[in-house]
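Q: In this note's numbering, the protein residues as written are 10 to 275.
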């Protein structure tokens, strides 16, 4: 593709990707996922939605690529348990814990891409001394891995969501559009898969045909119970013919998951 990948356009170009291109790209990727999820004869779950798998043509139109991990399932059928695969920072917490990839897992990955595009930060990156001091009162050591989704949720909780906007844009964006995009990113990144929108709904939100749902200031918890999680994990173990020892916290949340840049699950 003439303009390479979205990843390179965001992080390797000397000229910041303009806001109108970023917004166009997000609508294009959302439309592609809506087609895969809701318009194909069998639902297609991509399982590896990330910026390096989004290619840009000469007009900065997005093309979703690399279907090596994709799975087809019948509409309204539950996905089979598999070994979780993909790139850390983009993976939905319930997929990491159960190995069951659904359309809502793709929605979470897309949400991470949305926040990446809006903020100009990778989903997982190591914090520098300057970043740690500016954003954590100097309380977090440099070199600690920072999770973009968690960071944006914290800004939203503090009522400072627009502070997540990419500083390289130098304010050259419509604040209403930026706020809408960031809220869509958080809605897609909800830890509760049931609360995430469909990709068709996301397209409508981005183009202004639908309102963004109310995004709570406090980050929600995952919706399934510990017993449901254990049953899913047992299914995964059975399907893979493996013996796995799993420690599950009483809250069944994702806070205990840690990972650093470039980590992939294959």
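By construction, the Cβ of each residue, glycine as well, lies at the ideal position given by its N, Cα and C atoms. From a predicted model like this one, the values you see are computed outputs, not experimental measurements.
Where in the stretch 138-219 do unbroken runs of the beta strand (DSSP E), each at least 3 residues long, occur, reported from the N-terminal end onward?
A: Those beta strand (DSSP E) runs which fall completely within the stretch 138-219 and span 3+ residues are 154-156.
Q: For residue 123, collect the residues of the same chain with a Cβ closer than 7 Å to its Cβ; drop the 5 residues on either side in sequence, then sort them by chain order.
A: 35, 190, 193, 194, 197
Q: Short check: CB of residue 59 to CB of residue 99, under 7 Å?
A: Contact: yes.
Q: Is there at least one non-hydrogen atom of the ligand NAD closer than 6 Å to the beta-carbon of residue 211?
A: With respect to the ligand NAD, the structure offers nothing, as it holds no ligand at all.
Q: When the distance is taken between beta carbons, is residue 132 closer than 7 Å to residue 171?
A: no
Q: Which residue's Cα is closest to the Cα of residue 163: 44, 225, 11, 63?
A: 225
Q: Between which residues of its own chain and residue 69 is the CB-CB distance below 7 Å, once the five residues before and five after are set aside?
A: 12, 30, 33, 34
Q: Compare the C-alpha of residue 17 against each of 125, 204, 119 and name the closest.
A: Residue 125 is the option with its Cα nearest to residue 17.
Q: Return the Cβ separation of residue 101 and residue 202 in integer angstroms, given the expectation that the two are a contact with Cβ distance under 8 Å.
A: 7 Å
Q: For residue 219, which residues in the same chain have their Cβ closer than 8 Å to its Cβ, ignoring the five residues on either side in sequence?
A: 210, 213
Q: Just list the residues that DSSP pairs residue 106 with in beta bridges.
A: In the DSSP output, where bridge partners are listed per residue, residue 106 has none listed.
Q: Could you check the C-alpha separation between residue 50 and residue 41 for me, to the nearest Å?
A: 15 Å
Q: Beta carbon of residue 63, beta carbon of residue 110: below 7 Å?
A: no
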